[in-house]
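Please read the structure below before turning to the comments.
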Ligand code: PLP
């Protein structure tokens, strides 16, 4: 156990040294990365599933950053699409102009919903998408006939992460990431429990009873806040950074949607991390039996080839604005950026043409079965959960009681740093118990959608080795 990690507002930083970290007490870096005194590990090349460091070391990117690089690195077709767009038009302001790349991306996205969604809205990050979703929900109620101006509250979930800007952070339950900024966060966002079978379900409780209990909790929260004041219930279909790939139990989202319907509130799905194919369907809601009114998308949209995210807007909301002011009162300089749209369009076309969502399902089954087979009996692996190519391993101090590690032990960052050592050379995405110590450290695995059976086997073999060696001397 070599790591001595500190949490930096919930963004993990570590004081331990790895052979490739180039960390020192003084840095010549001109860019403020997360930690003032650390120089970053410089990536000088990237191809397929590998990152190449300035030291020459090649790192197996088992997480695509934070579940971003869905096509791996260095895709030539995406590069050419970006280059073509550069030749055509690199920028125009979306207030006055549109681009054909933006239009085609919108059509691609809408047709992927089989008519369930009406429009797409393109921004540059998941946080911006969440901010836009909040404002759109509020505007929807102002433009209803008759208007409902008292709708200003949001109900989100305790175990969640929706972004780093103040509105998105207000909706997030991630305690460590909120802590410093708590006095600045919005007061019109309250929280209910997320659905987490491993930690939330009581002994001997059936799935149905668990769902009913969570639905009652949401119903009670609507009543407490005042049902006529709530704009929307906001949730990640599969909880990413805050919990580590936790899907809901069957029937959960249908029950939550029924509560929203009862009180006339919107349902907003944050699919920034879990959407665009990551969980085995292009949209995570396809597996939940519900269609959200507003859906945010991000990481897998552009696969890391451009800073791009967006909203998918359902007919209920779009038609209301159409009958009202006819415009969404929200605009940004880089909204619908043509190069970002061209990159995302090519990424989405590749996913569709190459049948990559189907590959996510097939490789996901292999990943899940290999992880369970190899790690289920490990004394410090408490839970293995996920969907598609989005899997989390939760570490616990005590398997029987599910007692999490103390966040100060730096377990997740320690596993991540162990992985970067030359004998393993793998990148695993770490996260640490975020909700009042009630959830443990975890690492995420999110391989590229076009990975092969041998890629999966290599990822699992290496991950198992890292975890076994990391915990080897622990008593
Ligand atoms: N929503 C979810 C579910 C996320 O995982 C993230 C980022 O990790 C965000 C929103 C914010 O996205 P971004 O970091 O692109 O602003």
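Numbering (this note's numbering), first residue to last: 4 to 478. For every residue, glycine included, the Cβ atom is placed at its ideal position computed from N, Cα and C. Every value quoted in this text rests on a predicted model; they were computed, and no experiment measured them.
Please go through the same chain and pick out, in chain order, the residues whose beta-carbon is closer than 7 Å to the beta-carbon of residue 451, but skip the five residues on each side of it. Within the same chain, residue 451 has close Cβ partners 52, 67, 72, 73, 74 and 75.
According to DSSP, is residue 260 helix, strand or coil? The three-state secondary structure of residue 260, taken from DSSP, is helix.
Can you tell me whether residue 133 sits near the ligand PLP, meaning its C-beta is under 7 Å from at least one heavy atom of the ligand? Of the heavy atoms belonging to the ligand PLP, at least one sits nearer than 7 Å to the Cβ of residue 133.
Are there 16 or more other CB atoms within 10 angstroms of the CB of residue 45, so buried, or fewer, so exposed? Flag for residue 45 reads exposed.
Could you tell me the distance, in whole angstroms, from the CA atom of residue 331 to the CA atom of residue 145? Their backbone Cα atoms lie some 12 Å apart in a straight line.
Taking the straight line between their C-alpha atoms, what separation do you get for residue 367 and residue 391? Going by the C-alpha atoms only, they are around 4 Å apart.
Using the Cβ count rule (16 or more neighbours within 10 Å means buried), how would you classify residue 351? Under this definition residue 351 is a buried residue.
Residue 47, DSSP secondary structure in three states: If DSSP states are grouped into helix, strand and coil, residue 47 belongs with the strands.
Can you have a look at residue 269 and say buried or exposed, based on whether 16 or more other CB atoms are within 10 angstroms of its CB? Buried is the call here.
Which ranges would you report for the alpha helix (DSSP H) in the segment 372 to 449 if only whole runs of at least 4 residues count? Every unbroken stretch of the alpha helix (DSSP H) spanning 4 or more residues and falling wholly within the segment 372 to 449 is given here in chain order: 414 to 423.
Would you say residue 388 and residue 250 are within 8 Å of each other, going by their C-beta atoms? Yes, the pair counts as a contact, with Cβ atoms nearer than the cut-off.
Give me the pocket residues for the ligand PLP, defined as CB within less than 6 Å of any heavy atom, sorted by chain position. With 6 Å as the limit, the residues whose C-beta approaches any heavy atom of the ligand PLP more closely are 69, 128, 129, 130, 133, 164, 165, 166, 167, 239, 243, 244, 273, 275, 276, 301 and 312, in sequence along the chain.
Check residue 27 in the structure and name its three-state DSSP category. Any answer about residue 27 is weak, because its pLDDT of 45 lies below 50 and its placement is not dependable; what the coordinates show is given next. Correct three-state label for residue 27: coil.
Nearest-angstrom Cα separation, counted from residue 411 out to residue 349: If you take the alpha carbons of residue 349 and residue 411, they lie about 43 Å apart.
With distance defined between alpha-carbon atoms, name the residue in 177, 84 and 155 nearest to residue 247. Looking only at 177, 84 and 155, the smallest Cα-Cα distance to residue 247 is reached by 177.
Shortest alpha-carbon distance to residue 382 belongs to which of 404, 220, 300 and 393? Nearest C-alpha to residue 382: 404.
For residue 491, report the span of its beta strand (DSSP E) as first-last. Outside the shown range of the chain, which is 4 to 478, sits residue 491, and nothing can be said about it.
Look at the Cβ atom of residue 293, then the Cβ atom of residue 256, and state whether they are nearer than 8 Å. The answer is yes: Cβ separation under 8 Å.
In the DSSP assignment, what are the bridge partners of residue 160? Answer is 195, bridged to residue 160.
Give the DSSP-derived three-state secondary structure of residue 268 in the structure shown. Residue state, collapsed to three classes: coil.
To the nearest angstrom, how far is the alpha carbon of residue 337 from that of residue 88? One C-alpha to the other measures close to 15 Å.
Going residue by residue through the segment 52 to 96, where are the continuous alpha helix (DSSP H) segments of at least 4 residues, counting only ones entirely within it? Within the segment 52 to 96, the alpha helix (DSSP H) runs of at least 4 residues that lie entirely inside it are, in chain order, 67 to 70 and 79 to 91.
Quick one: give me the first and last residue of the beta strand (DSSP E) that residue 293 is part of. Taken as a continuous stretch (DSSP letters only), residue 293 belongs to no beta strand (DSSP E), as it is neither H nor E.
Assuming residue 139 and residue 123 are in contact, meaning their beta carbons sit under 8 Å apart, how far apart are those beta carbons, in whole angstroms? Under the criterion of beta carbons closer than 8 Å, residue 139 and residue 123 do not qualify as touching, at roughly 12 Å.
Is DSSP giving residue 299 helix, strand or coil here? Strand, per DSSP.
Can you list, in chain order, the residues of its chain with a C-beta nearer than 7 Å to that of residue 1? Leave out the 5 residues immediately preceding and following it. For the chain, the structure presents residues 4 to 478; residue 1 sits outside this window and is missing.
Pair within 8 Å by beta-carbon distance, residue 304 and residue 347: The Cβ-Cβ distance between residue 304 and residue 347 falls below 8 Å.
Continuous beta strand (DSSP E) stretch holding residue 124: start and end: Counting along the chain, the unbroken beta strand (DSSP E) around residue 124 starts and ends at 120 to 126.
Helix, strand or coil: how does DSSP classify residue 144 here? It is helical.
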